[in-house]
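S.K.: Its first residue numbered 0, the sequence shown is counted upward by one per residue in numbering that gives the first Met the number 0.
Think of the CB as a built atom: it goes at the ideal place given N, C-alpha and C, for glycine as much as any other residue.
No experiment lies behind these values; they were computed from the predicted model shown.
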Amino acid sequence: MEQEKVIQIKDLKVYYKNHRKSPFSKKRKKQVLKGISLDVYEGEILGIAGESGCGKSTLAKAIVGMNKDIEGEISVKYTDTQMVFQDPYSSLNPSKKIGWLLEEPLRVDKEKNWTPKERKDKVLEIMKAIGLPQELLERYPSQLSGGQRQRVSIGVALMRSPKVIIADEPVSALDVTIQAQILQLLRQLHQEYGITILFISHDLRVIYQICDHVAIMKEGTIREYGIPHDVYRNPQSEYTKELLSAAGIR
Ligand SMILES: Nc1ncnc2c1ncn2[C@@H]1O[C@H](COP(=O)(O)OP(=O)(O)OP(=O)(O)O)[C@@H](O)[C@H]1O
Ligand SMILES: [Mg+2]
0 MEQEKVIQIK DLKVYYKNHR KSPFSKKRKK QVLKGISLDV YEGEILGIAG
50 ESGCGKSTLA KAIVGMNKDI EGEISVKYTD TQMVFQDPYS SLNPSKKIGW
100 LLEEPLRVDK EKNWTPKERK DKVLEIMKAI GLPQELLERY PSQLSGGQRQ
150 RVSIGVALMR SPKVIIADEP VSALDVTIQA QILQLLRQLH QEYGITILFI
200 SHDLRVIYQI CDHVAIMKEG TIREYGIPHD VYRNPQSEYT KELLSAAGIR
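#1: Return the chain-ordered list of same chain residues with a C-beta closer than 7 Å to the C-beta of residue 92, the five sequence neighbours on each side being excluded.
#2: Of the residues 185, 246, 231, which one's Cα is nearest the Cα of residue 42?
#3: Along the chain, which unbroken stretches of the beta strand (DSSP E) at least 3 residues long are found entirely within the region 61-121?
#4: Looking only at C-alpha atoms, which of 107, 8, 44, 17 sits nearest to residue 58?
#5: Can we count residue 217 as close to ligand 2, meaning its CB is less than 6 Å from some heavy atom?
#6: On a Cα-Cα basis, can you pick out the residue from 166, 55, 98 that is closest to residue 188?
#7: Regarding residue 40 and ligand 1, is the C-beta to nearest heavy atom distance less than 6 Å?
#8: Taking contact to mean 3 or more Cβ pairs, one atom from each stretch, closer than 8 Å, check whether the region 159-176 and the region 192-200 are in contact.
#9: Does residue 200 come out as helix, strand or coil in the three-state DSSP assignment?
#10: Classify residue 209 as helix, strand or coil using the three-state DSSP reduction.
#11: Is residue 55 a contact residue of ligand 1, with contact defined as CB to any heavy atom under 6 Å?
#12: Ignoring anything shorter than 4 residues, give me the alpha helix (DSSP H) runs that lie fully in the region 121-170, in order along the chain.
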């Protein structure tokens with residue numbers, strides 16, 4: 000799979016402010032990513048795994064420009080990278096109907112002036128792609144199931160045909176059957192639209208199911224990188240071995 004890189008990260012360091020003076024640290028800021036280098040290839044699903052607090056979301060936010068205090072290099076081939084978050088309920092405005100939420104990225108599109116008819120057609124196309132019936136357009140987020148809400152937030156991310164989606168724990172708030180359906184949806188969208196997906200999860204089994212490459216993070220660094228099949232069968236780092244055995248995989 001010799002492919003073009005859509006994201007190149009070189010020696011990325013990210014810092015957060017220490018808001019309060021802590022008795023444990025007098026430093027004004029703490030370093031959360033400690034020199035990450037990573038390539039994301041066009042059309043792949045790259046999994047990022049690692050324990051809570053290791054910096055997965057920080058990495059995602061740095062890529063989309065939400066973290067400002069950074070050193071190193073991030074080059075992105077496409078600027079329209081979209082994020083899908085863990086908890087669709089907090090990322091969907093509860094006072095707006097589903098149809099409105101899906102249309103919003105088109106209403107605020109600065110590059111293209113979408114006519115109402117074009118917006119409506121695109122909404123219907125995306126509803127089909129995410130596998131939801133049209134009648135849900137008139138409902139509010141609270142009137143959907145968790146899985147339906149996550150489909151909607153994936154739909155919102157898809158509205159402007161992004162080349163890259165970063166999904167930050169997109170299934171971890173859902174129960175197992177619904178998880179499988181959402182994973183199936185992501186895989187299908189990936190195949191149909193050729194979208195590159197950065198898939199963040201602490202679940203190594205889920206990563207195995209859908210990812211072309213996996214990066215294992217710990218304490219702000221990447222400890223291991225490779226094809227899941229190889230990494231799981233023959234892990235090189237002690238930390239990966241620990242994670243795999245904790246997950247009951249080895
Ligand atoms: N806005 C912030 N200000 C200060 N510290 C932060 C901020 N966001 C995250 N952190 C800290 O940075 C570290 C990495 O957080 P991050 O959210 O990237 O972890 P994560 O790997 O996504 O964890 P999880 O699996 O729990 O989502 C943690 O120690 C966290 O407390
Ligand atoms: Mg996170």
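M.R.: So, from the data block:
#1: 100
#2: 185
#3: 69-75, 81-83
#4: 8
#5: no
#6: 166
#7: no
#8: yes
#9: coil
#10: helix
#11: yes
#12: 145-157
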